[in-house]
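Have a look at the structure below, then the notes.
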Amino acid sequence: MDIRRAGDRAVLIELPDLNAVLDVADQLRELRLQGVRDIVPASKTVLVSAWSPRALARVIEAVRAIELRASRRETRARVVDIDVVYDGEDLHDVADLLGLSTDAVIAAHTDHEWTAAFGGFAPGFAYLVADGNPLDVPRRDSPRTSVPSGSVAVAGGYSAVYPRDSPGGWQLLGRTTAPMWDSQRTPPNLVAHGDVVRFHAVREAIPVLAEGRQARSHAGAFTVLAPGMQSLIQDRGRPGNAAVGVTASGAMDRPAAQLANSLVGNPLDAAVIESLFGGLRLRAERPVVVVVTGAEVAAHIANEKFEWSVPTGTPFALEPGWEVEVGTPTAGLRSYLAVRGGFDVDTELDSRSTDVLSGLGPAPLRTGDALPIGREPHEAVKTPVSPPPCADCVELRFVPGPRADWFSAESLAKLADQSWEVTSDSNRVGLRLKGNPLERAQSGELPSEGMTRGSLQVPPNGQPVLFLADHPVTGGYPVIGTVLDADTDLAGQLAPGNQIRFVRVSGEP
3 MDIRRAGDRA
13 VLIELPDLNA
23 VLDVADQLRE
33 LRLQGVRDIV
43 PASKTVLVSA
53 WSPRALARVI
63 EAVRAIELRA
73 SRRETRARVV
83 DIDVVYDGED
93 LHDVADLLGL
103 STDAVIAAHT
113 DHEWTAAFGG
123 FAPGFAYLVA
133 DGNPLDVPRR
143 DSPRTSVPSG
153 SVAVAGGYSA
163 VYPRDSPGGW
173 QLLGRTTAPM
183 WDSQRTPPNL
193 VAHGDVVRFH
203 AVREAIPVLA
213 EGRQARSHAG
223 AFTVLAPGMQ
233 SLIQDRGRPG
243 NAAVGVTASG
253 AMDRPAAQLA
263 NSLVGNPLDA
273 AVIESLFGGL
283 RLRAERPVVV
293 VVTGAEVAAH
303 IANEKFEWSV
313 PTGTPFALEP
323 GWEVEVGTPT
333 AGLRSYLAVR
343 GGFDVDTELD
353 SRSTDVLSGL
363 GPAPLRTGDA
373 LPIGREPHEA
383 VKTPVSPPPC
393 ADCVELRFVP
403 GPRADWFSAE
413 SLAKLADQSW
423 EVTSDSNRVG
433 LRLKGNPLER
443 AQSGELPSEG
453 MTRGSLQVPP
463 NGQPVLFLAD
473 HPVTGGYPVI
483 GTVLDADTDL
493 AGQLAPGNQI
503 RFVRVSGEP
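In terms of the numbering used here, the sequence shown is residues 3 to 511.
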């Protein structure tokens, strides 16, 4: 086993084959190590993330003591049939890469049985393998910012179905309406590890209507008058579900969200509103205590007679009918509005967070939404957490790897020796950066493997992507370095045009 560091809170364990991967993942789960957050098996690796550097040190010690077992228990495969309309944007490109006709590509995809080796990337996304690697083509040089839900794709010897609209770099063969993920279903994923998938070519697919989100309550402590550019409910997220393709999500700037809750007397993990670049406007329907933290903004308050403003981090009271608006930031990008009692919206997988990649959690706020709050705590928290780091500081510490060896020493130096610009394609999934491209020392395809918050993934175009709160669970482009977990909160406040400098550190606990 080769143990590679992935920042200060995760390691990537490299193994000879898929059987060894599943064996090591099983043994780690059986150990029930204290402080382990997620265990993510992939084709030849297992990513293990921990809650702290100290817990990670215990993980590394346990991994070194593991001995591979000769065999694992076999189970009878379940068969899942999926109808596909083969009209994908990359169908002709795949045919050209393989030297086949498009009909031959379709026949290769439908004539083979595909087995679900492991899950990842997003809820309901299963990596499917077939004997002989019938459609072994590389990923696109630059991933698409949005792949439509139901897209059937191939890359690196795998096939898969995208469960919802999301970024992706696979080659698109066609589309299906099969519901790959439904959190109201048991189990929620249509295809699980070990299942056999058979694809069938059809002229047109008939949609299968999944059960929609439950309607919001018509009674609440607030009414949304304007949601601004993007306003989402966030809490501590869904850690511990990465093995089934569910990333942690949660607040982009965790210290700012915790500070907001502390200032109004909530538990630090209560649900808050994360507002992107201001513009959120709410009307109070009952007496409430509110605070805004994060980006440097003013909270503007108005009633029938007066208007006034309060600065960031100052709690204030609202009476029924009063309005509050989060202003435009003068520094930073995301603001956090907390109310005493927390926002009491429905949970999904034990969290109220909105995950923009997977679609889990409540929908983004809309005009007219009614927002209920929970029971107010009896006593305020007396010791607030420290405020978030200065939004003007854009140095991010990183640990090389786990795939620094895929790049030349010059590229690793170039990562730290230049400034990188945050582009407008950035969001909660990650920051797409622009600078002098990083060149690989190795060519070829890297098998998909686990990713973590802070991973600096580099596609073939050499422009890094810094993964953040809603990052995919797995990915196939090499990670040159991993930003320290604490510094990813600062990254959540960076706007398009901001400059980043990466500072190399050891990451040792």
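Here a beta-carbon is modelled for each residue, glycine too, at the ideal position from N, C-alpha and C.
Nearest-angstrom Cα separation, counted from residue j out to residue i
i: residue 342; j: residue 488; result: 26 Å
i: residue 189; j: residue 414; result: 43 Å
i: residue 275; j: residue 358; result: 14 Å
i: residue 90; j: residue 56; result: 47 Å
i: residue 256; j: residue 36; result: 22 Å
i: residue 466; j: residue 434; result: 6 Å
i: residue 5; j: residue 459; result: 19 Å
i: residue 229; j: residue 116; result: 44 Å
i: residue 419; j: residue 503; result: 8 Å
i: residue 377; j: residue 347; result: 12 Å
i: residue 439; j: residue 463; result: 7 Å
i: residue 253; j: residue 340; result: 12 Å
i: residue 586; j: residue 313; result: Examination of residue 586 is not possible in this model, given that the chain is present from 3 through 511 alone.
i: residue 450; j: residue 137; result: 16 Å
i: residue 233; j: residue 366; result: 6 Å
i: residue 260; j: residue 290; result: 18 Å
i: residue 437; j: residue 497; result: 16 Å
i: residue 484; j: residue 179; result: 36 Å
i: residue 11; j: residue 309; result: 46 Å
i: residue 95; j: residue 206; result: 22 Å
i: residue 211; j: residue 469; result: Residue placement at residue 211 is flagged as unreliable, the pLDDT there being 43, under the threshold of 50; the coordinate-derived value follows with that caveat. Cα to Cα, residue 211 sits roughly 32 Å from residue 469.
i: residue 181; j: residue 269; result: 36 Å
i: residue 390; j: residue 334; result: Any reading at residue 390 must be qualified, since the residue scores a pLDDT of 41, below 50, and its modelled position is unreliable; the value itself is stated next. Taking the straight line joining both Cα atoms gives about 11 Å.
i: residue 499; j: residue 423; result: 6 Å
i: residue 231; j: residue 283; result: 11 Å
i: residue 356; j: residue 320; result: 26 Å
Under 7 Å between C-beta atoms of residue i and residue j
i: residue 404; j: residue 14; result: yes
i: residue 271; j: residue 238; result: yes
i: residue 52; j: residue 39; result: yes
i: residue 129; j: residue 258; result: no
i: residue 197; j: residue 118; result: yes
i: residue 336; j: residue 456; result: no
i: residue 157; j: residue 141; result: yes
i: residue 368; j: residue 235; result: no
i: residue 475; j: residue 122; result: yes
i: residue 262; j: residue 344; result: no
i: residue 135; j: residue 159; result: yes
i: residue 512; j: residue 277; result: Coverage of the chain is limited to positions 3 through 511, which leaves residue 512 absent and any answer about it impossible.
i: residue 427; j: residue 147; result: yes
i: residue 315; j: residue 332; result: no
i: residue 85; j: residue 204; result: yes
Sequence-distant residues of its chain with Cβ nearer than 7 Å to residue i (five each side left out)
i: residue 7; result: 13, 401, 403, 404, 509
i: residue 243; result: 351
i: residue 219; result: Residue placement at residue 219 is flagged as unreliable, the pLDDT there being 42, under the threshold of 50; the coordinate-derived value follows with that caveat. 372, 374, listed in sequence order.
i: residue 410; result: 441, 443
i: residue 432; result: 467, 468, 469, 470, 473
Selected residue, minimal CA-CA separation from residue i, among the options
i: residue 417; options: 426, 425, 399, 428; result: 399
i: residue 298; options: 291, 287, 330; result: 330
i: residue 288; options: 267, 323, 309; result: 323
i: residue 195; options: 252, 20, 355; result: 20
i: residue 2; options: 412, 317, 278; result: As shown, the chain starts at 3 and ends at 511. That puts residue 2 outside it, with no answer to give.
i: residue 501; options: 397, 490, 474; result: 397
i: residue 201; options: 365, 484, 82; result: 82
i: residue 54; options: 9, 507, 231, 471; result: 9
i: residue 99; options: 333, 461, 139; result: 139
i: residue 311; options: 319, 300, 321; result: 300
i: residue 461; options: 468, 480, 471; result: 480
i: residue 92; options: 349, 187, 176; result: 176
i: residue 360; options: 152, 423, 79, 296; result: 152
i: residue 133; options: 199, 185, 65; result: 199
Proximal residues to residue i (C-beta, below 8 Å), its chain only, five neighbours per side dropped
i: residue 48; result: 14, 15, 17, 23, 26, 27, 30, 41, 42, 452
i: residue 149; result: 155, 164, 167, 168, 169, 170, 172, 174
i: residue 505; result: 397, 398, 399, 400, 418
i: residue 97; result: 103, 104, 106, 107
Proximal residues to residue i (C-beta, below 6 Å), its chain only, five neighbours per side dropped
i: residue 325; result: 285, 304
i: residue 477; result: 453, 459
i: residue 293; result: 262, 265, 266, 317, 340
Using 8 Å as the cut-off, can you tell me whether the region 219 to 239 makes contact with the region 107 to 115, which would need three or more C-beta pairs spanning the two stretches below that distance? no
Are the region 293 to 309 and the region 244 to 252 touching, with three or more C-beta to C-beta distances below 8 Å? no
Do three or more CB pairs link the region 366 to 381 to the region 430 to 447 at distances below 8 Å? no
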